[in-house]
Each structure stands twice: as C-alpha cells, then as structure tokens.
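Terminal number for the first sequence in the numbering used here: 466, no gaps in between.
For each residue, glycine too, the CB sits at the ideal point set by N, CA and C.
Before any comments, here is the structure.
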Amino acid sequence: MRQTKFFLKTVKESPADETALNARLLIRAGYIDKLMAGAYSYLPLGLKVLEKIKNVVREEMNRIDAQEILMPALQPKSLWDETGRWEEMKDIMFQFKGRGGSDLGQGATHEEPIFDIMRRRLKSYKDLPVAVYQIQDKFRNEPRAKSGLLRGREFSMKDLYSFHATRDDMLAYYDRVKLSYLTIFERLGLNAIAVEASGGAFSEDYSHEFQVLTPNGEDIIFHCDCGWAQNKEIAKVKEGDKCPSCGAEKIRADKGVEVGNIFKLEQKYSAAMKLSVTDQNGKLTPVYMGCYGLGPSRLMGTLVEIHHDDSGIVWPDSVAPFKAHLLLLSQSTVTKEIADNAYAELQKSGVEVLYDDRPESPGAKLTEADLVGLPVRIIVSDKNNGLLEYKRRSSAEIKKIAIKDLVSEINKI
RNA sequence: CGGGGUGUAGCGCAGUUGGCUAGCGCGCAUGAUUCGGGUUCAUGAGGUCGGAGGUUCAAGUCCUCUCACCCCGACCA
Numbered sequence: 054m055r056q057t058k059f060f061l062k063t064v065k066e067s068p069a070d071e072t073a074l075n076a077r078l079l080i081r082a083g084y085i086d087k088l089m090a091g092a093y094s095y096l097p098l099g100l101k102v103l104e105k106i107k108n109v110v111r112e113e114m115n116r117i118d119a120q121e122i123l124m125p126a127l128q129p130k131s132l133w134d135e136t137g138r139w140e141e142m143k144d145i146m147f148q149f150k151g152r153g154g155s156d157l158g159q160g161a162t163h164e165e166p167i168f169d170i171m172r173r174r175l176k177s178y179k180d181l182p183v184a185v186y187q188i189q190d191k192f193r194n195e196p197r198a199k200s201g202l203l204r205g206r207e208f209s210m211k212d213l214y215s216f217h218a219t220r221d222d223m224l225a226y227y228d229r230v231k232l233s234y235l236t237i238f239e240r241l242g243l244n245a246i247a248v249e250a251s252g253g254a255f256s257e258d259y260s261h262e263f264q265v266l267t268p269n270g271e272d273i274i275f276h277c278d279c280g281w282a283q284n285k286e287i288a289k290v291k292e293g294d295k296c297p298s299c300g301a302e303k304i305r306a307d308k309g310v311e312v313g314n315i316f317k318l319e320q321k322y323s324a325a326m327k328l329s330v331t332d333q334n335g336k337l338t339p340v341y342m343g344c345y346g347l348g349p350s351r352l353m354g355t356l357v358e359i360h361h362d363d364s365g366i367v368w369p370d371s372v373a374p375f376k377a378h379l380l381l382l383s384q385s386t387v388t389k390e391i392a393d394n395a396y397a398e399l400q401k402s403g404v405e406v407l408y409d410d411r412p413e414s415p416g417a418k419l420t421e422a423d424l425v426g427l428p429v430r431i432i433v434s435d436k437n438n439g440l441l442e443y444k445r446r447s448s449a450e451i452k453k454i455a456i457k458d459l460v461s462e463i464n465k466i
C-alpha cells in the first residue's frame, strides 16, 4: 500500500482525554479513534491489527474442533428471564424497549441464545460433544469504562461454548481449551499465565483467568515460579508466603490484565434452560457445558501496553498491520526508482508492505515510522549507493542489503 | 454511585480583580526554502469559549442547573 493513498493521519501530541498508554499511542499513531468513553472506532491500521488477532484466535479455535457461528447482539428479555439474569444483570446490560413495547437487551454475553439454539437441536448423547464459538462485539454498561481498549462498553469478544454428554468429557475439553488459549497468547507475542479465579455464578469450582502481567493491569495476581497462580479475589496467601503448590517461600504479587477466562458450567445452566439429551439408556440427562471468553480488542490494548518504547509501538510480527515499512527518504529520480522496485518486489512476494512515498521530510517519516511500529523498516535514500537499509523495529541493528536479497531477508522472520 | 479534576479553532494549550477586535503552538491551504530523526520563513482560512438559564452597563471570566470526558474508589460473567 502506498502511503499517499492510505488513510492514515498521525499526530504529534497525545489526546488530553486519555491517560492510558495503549489509547494514547494507538490514537496518536492513527489506529483508533475515540467516539465516547469505552467506544472506539478502528481505522484502517487498527482494523488490520484487530483482524489479525481474531484470525489467530479463529485458527486455534478451529484446531480444537470448535465451529464458528454468529448470534445477534440484540436479544429478547424472555430468554434471559429463563435464567433470571434479566434482573440479575440489569445494571450491566443495556436494556430498552423495541417497537410495540417489547423488552430487548444487547448481549453482554451469549449463554442464553446459544442454549436456545442447542436445546432445539441436541437430542441424543450421539449429538455430543459439540463446540461453537463466535467473535462479536459485546455491550456492557460498565460502571466506569477506562484504560482505553482495556475496559470498553462495546468491545470485541470471542466466546466459545462446549456441550458434553459426560463430566469427564467436559473436563477434558476444558483442558484442551486451556492449552489452546496459551498457544493463542504465545502466538500473539504475549506471556499470559493461567490463574485460578472465582467460578462465577454458575460454577462452584474455580475458573481460570489468563492474565498478562503488567503494571497497568486492574487485577492483582499472586503467583509462583512453579506455575501456581491465583487471583487476589480468592487467594488466601500474601506476598512472600509459602507457595501452596511447591512449598517455596516466594509468592509474588503483580498486576495483570485479564485477557481470557474459562468456566466449567457443569449442568446448572442446562437444568435452568432445559437442555437435556437422552443417554444410552434412554434416560434424559442435562448436558455438561463449558464457556470460554477471550477479548480481541482488549488484547490489542494489552499488546501496546507490553510492546512499546519511547518512540512508539513495537508490534509483534504476528499482529502487525503490515510486515514492512518502506521509506523513501530522498526525492531523486534514481532513488525513487529503487524504492519503486523494492516495493514491486515485496508485493510480488506477498509481503505486506506500507510504502511511504510521500514528499515529506526524512525526519518526519522516520519519527512517524517508529510511532506506527511496523516490524521491519526499509530505507531507500541517496546515501546508500543503491543498497537498502534494513532494520527491525525492535532492534538498533542496521543492515545494508541489495534489493535481490530483500525478500529472503524478510522471510527469515 | 461517592470523591477529585477538566471542557476555549481539527489537535495541544494560554486567557490577571468581569472591560474594548478571544490569543499561542501544532495541523491545514498557498508560495518560497530544506532534505537522515516530526526543516525554515511568509501569507491565509478556521471560534455560537460544552449546553441552558441567571446576575451585570458589560460574562470565556461570577452564580444555578445540566451534559461530556479523565483519575481514585465501589463494581466487574
């Protein structure tokens, strides 16, 4: 993509109404725009990142035999009355009247509609197991939206629901999802730890939260090098205590951002919403269920909190909106030709490249490139005698390479 | 929802005890200039001072109400 044709405007100064680092950088660098508290637009660069995150999630979901669906955000009260959550969640759910006075709500989560779909289709233990997921915007009337993309009133969530004939099967799938989540976070360039947390309203057992440790996180996590970790909400230890798992006296307390949460719902929901199948003996049994959330938009914010420096964002390769930023620093005909050739080469090889072909000053281009944070920077200038200057955003090392070696150099990543 | 703070040009900000034509920087337009870390200069466009009501000869400035945004707390399938 030529930058002269690309819709991207960066700004020098941080917005006054944001203090969260992720929002300040993402807005300055032209990824997102704030519409109101807790609701952001994704501009071309930002949407590319969000989609890359979602696609990593899709790939890993598909790998654990989950199938993608899409449910409405708009939902009727009647469904939510079956579980009693219309009342229970009235403070957090956007609820309003439809035409004719019908009560409607916007989905803060989707257990009710997925149950409605499943109870009319799952009839026998032979129909199980089944797992479906969707990636959709959730709406929550947060008491306090804050921290940029980390806590929105409208935000992207991937929610997965699994249905099982036996408890053992549910537990086995829960473990599969747990591993899948860890793979997702690793692919995204995040070090997330699985933390025991409250099971919530429909489970007495612990749930697992996936927490990325960062000083800007909202939760407090007690954890040990051995892998044991609990949310402060349920933890009965304090910093420096003996680890209940390995016995070493080095429990640490750190702040974390919750980027995923998985629950064993057992049979409680199925009982409430009459989701039963006939077992091998012909007897009706409530199905076992699990639900598993993960937040792509919150992940995008978290990625910026973790991967940045004083000059701007430093995207991990897996989610960067473009792989390379090609900068034309001189306006001589010869140099322009070299840059055009390099651009053509990259495009031919399928490398996603943003080509800064604007007639701006070198300083402006260099500073802006650091702010935007693409993984590879390639400079073409009169100074380089026909060679290209190759630099990773995450490193200070600069290599001079020939055009013919450019694609192979990038493909090493 | 409690406490604190902020609303003035697209963005970041200044504006004294109420006073005359509301400013600065960035950005934008035009023309020059420059070309390896957001070049320099000139000219220009751009404002119901968040909104409503009030006090006053006179309100960006004082009072009341209200809306929005930020931070702390509470809350957080």
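Length of the line joining the Cα atoms of residue i and residue j
i	j	result
Lys101	Asp180	37 Å
Gly426	Ile80	13 Å
Thr236	Glu113	8 Å
Ile274	Lys308	6 Å
Tyr178	Ala184	14 Å
Leu347	Val248	14 Å
Ser402	Leu356	28 Å
Ala392	Ser383	10 Å
Phe263	Ala245	6 Å
Thr338	Val330	5 Å
Asp134	Glu195	21 Å
Pro374	Met171	37 Å
Cys299	Asp258	21 Å
Asp86	Gly99	9 Å
Pro68	Ser364	16 Å
Gly280	Ile106	26 Å
Tyr84	Tyr95	6 Å
Arg204	Glu421	27 Å
Gln320	Val290	31 Å
Ala225	Glu390	58 Å
Met124	Lys176	21 Å
Asn438	Thr388	9 Å
Ile451	Lys465	16 Å
Asp332	Lys231	28 Å
Tyr322	Ala397	56 Å
Given residue i as reference, the closest of the options once Cα atoms are compared
i	options	result
Val310	Gln128, Ala449, Leu243 and Gly403	Leu243
Asp228	Gly354, Lys199, Ser260 and Arg446	Ser260
Asp221	Leu74, Val340, Asn437 and Cys299	Val340
Lys187	Leu175, Gly160 and Ala325	One detail in the question is off: residue 187 reads as Gln in this sequence, not Lys. Residue Gly160 is the option with its Cα nearest to Gln187.
Asp370	Val429, Ile170 and Thr136	Val429
Tyr11	Glu121, Phe147, Ala395 and Lys317	The structure shown does not extend to residue 11, since the chain is modelled only from 54 through 466, so no value can be given for it.
Asp118	Phe147, Leu213, Cys277 and Leu98	Leu213
Lys62	Arg240, Gly335, Ser350 and Pro97	Pro97
Gln128	Arg111, Gly151, Leu157 and Pro374	Leu157
Lys285	Val265, Gly300, Cys279 and Ala306	Ala306
Gly151	Lys130, Ile145, Glu141 and Val230	Lys130
Leu88	Gln148, Ala301, Glu413 and Leu202	Leu202
Asp362	Asn75, Lys465 and Glu104	Asn75
Val406	Val290, Asn438 and Leu459	Leu459
Val404	Lys376, Ala417, Lys389 and Gly416	Lys376
Arg351	Glu271, Lys336 and Asn437	Glu271
Ala324	Thr57, Glu165, Met54 and Lys65	Glu165
Arg138	Thr57, Arg116, His276 and Thr162	Thr162
Lys65	Arg77, Phe59, Thr72 and Ala73	Arg77
Arg446	Leu381, His360 and Ile456	His360
Where the beta strand (DSSP E) through residue i begins and ends
i	result
Arg445	Leu441 to Arg445
Met210	Glu207 to His217
Asn75	Counting along the chain, Asn75 falls outside any beta strand (DSSP E), though it belongs to the alpha helix (DSSP H) covering Leu74 to Arg81.
Ile246	Ala245 to Ala250
Ile274	Asp272 to His276
Ser260	Ser260 to Leu266
Arg430	Val429 to Val433
Val183	Val183 to Phe192
Ser67	That residue, Ser67, is in no beta strand (DSSP E); it is neither H nor E in DSSP.
For residue j and residue i, believed in contact at Cβ under 8 Å, the rounded distance
i	j	result
Leu379	Asp409	7 Å
Ile304	Asp294	4 Å
Ala218	Gly91	Contact flag wrong, Cβ pair sits at about 40 Å.
Arg240	Val367	Actually they are not in contact, since the Cβ atoms of Arg240 and Val367 sit about 17 Å apart, beyond 8 Å.
Met223	Met342	7 Å
Phe192	Ala126	7 Å
Leu103	Pro415	About 31 Å; that fails the 8 Å criterion.
Val433	Leu399	Not really, about 12 Å apart at Cβ, beyond 8 Å.
First through last residue of the alpha helix (DSSP H) which encompasses residue i
i	result
Asn284	Where Asn284 is concerned, there is no enclosing alpha helix (DSSP H), although the beta strand (DSSP E) it sits in stretches over Ala282 to Asn284.
Ser233	Arg220 to Arg240
Leu459	Ile456 to Asn464
Asp169	Glu164 to Arg172
Gly324	Residue identity check: residue 324 is Ala in the sequence provided, not Gly. Per DSSP, Ala324 belongs to the alpha helix (DSSP H) from Lys321 to Ala325.
Alpha helix (DSSP H) runs wholly inside the segment 85 to 149, at least 4 long, in chain order: Entirely contained in the segment 85 to 149, the alpha helix (DSSP H) runs reaching 4 residues are, in chain order, 97 to 116, 130 to 134 and 138 to 141.
Every unbroken alpha helix (DSSP H) inside the segment 339 to 416 [4 residues or more]: The segment 339 to 416 contains these whole alpha helix (DSSP H) runs: 349 to 359 and 386 to 401.
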